[in-house]
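A.B. asks: Dumping the structure here so I can ask a few things about it.
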Amino acid sequence: MILLDTNVVVAHLNGHAAVTAKISSHIEEIAVPALVVAELDYGAKASTRPAENLARLSTFLQCVEVVGFDEAAEGLPPTVFEHTSAPH
């Protein structure tokens, strides 16, 4: 499974040829965490062309797997979580 972050998906949706080529060549392995989908949805709705951007996002999401945080985080080393804990 190849997880994409928000910046990579935005580059693809904006037509960055190299990113789109890489995604297309691995489309069966691509997944997008639900948190990334929420960020993309918010960004599309806040854009100057929300209808167009939401349609492009919807089309893209039909081609990839959307995974919940638990699934996306599975297998991450514990140190990732040590660095993301709330300050004391």
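So the sequence shown is numbered by the numbering used here: it starts at 16 and just counts up by one. For every residue, glycine included, the Cβ atom is placed at its ideal position computed from N, Cα and C. Keep in mind the model is a prediction, meaning the values are calculated, not measured.
For the beta strand (DSSP E) that I38 lies in, which residues bound it at each end?
C.D. replies: The residue labelled residue 38 in the question sits at position 23 within the sequence shown. From DSSP, I38 is part of no beta strand (DSSP E) but of the alpha helix (DSSP H) over 32-40.
A.B. asks: I need the straight-line Cα distance from T74 to V23, nearest angstrom please.
C.D. replies: Position 59 of the sequence shown, counted from the start, is the residue given in the question as residue 74. Position 8 of the sequence shown, counted from the start, is the residue given in the question as residue 23. Taking the straight line joining both Cα atoms gives about 16 angstroms.
A.B. asks: Measuring straight from C-alpha to C-alpha, what distance separates V81 and A49?
C.D. replies: As a first step, residue 81 is located in the sequence shown; it is residue number 66 there, counting from the start. As a first step, residue 49 is located in the sequence shown; it is residue number 34 there, counting from the start. Cα to Cα, the separation comes out at about 6 angstroms.
A.B. asks: My understanding is that A59 touches L69, with C-beta atoms under 8 angstroms, so please give their C-beta distance in whole angstroms.
C.D. replies: In the sequence shown, the residue the question calls residue 59 occupies position 44. In the sequence shown, the residue the question calls residue 69 occupies position 54. Correct: roughly 5 angstroms between the Cβ atoms.
A.B. asks: Taking Cβ positions, are E44 and I17 nearer each other than 7 angstroms?
C.D. replies: Residue mapping note: residue 44 aligns to position 29 of the sequence shown, counting from 1. Residue mapping note: residue 17 aligns to position 2 of the sequence shown, counting from 1. Result yes, Cβ atoms of E44 and I17 sit closer than 7 angstroms.
A.B. asks: In chain order, what residues of the same chain lie with their CB nearer than 6 angstroms to the CB of L28, ignoring the 5 residues before and after it?
C.D. replies: Mapped onto the sequence shown, residue 28 falls at position 13. Cβ neighbours of L28 beyond the five flanking positions: R71.
A.B. asks: If I follow the unbroken beta strand (DSSP E) through V24, where does it start and stop?
C.D. replies: For the purposes of this step, residue 24 is taken as the residue at position 9 of the sequence shown. It is not in any beta strand (DSSP E) - V24 instead sits in the alpha helix (DSSP H) that spans 21-28.
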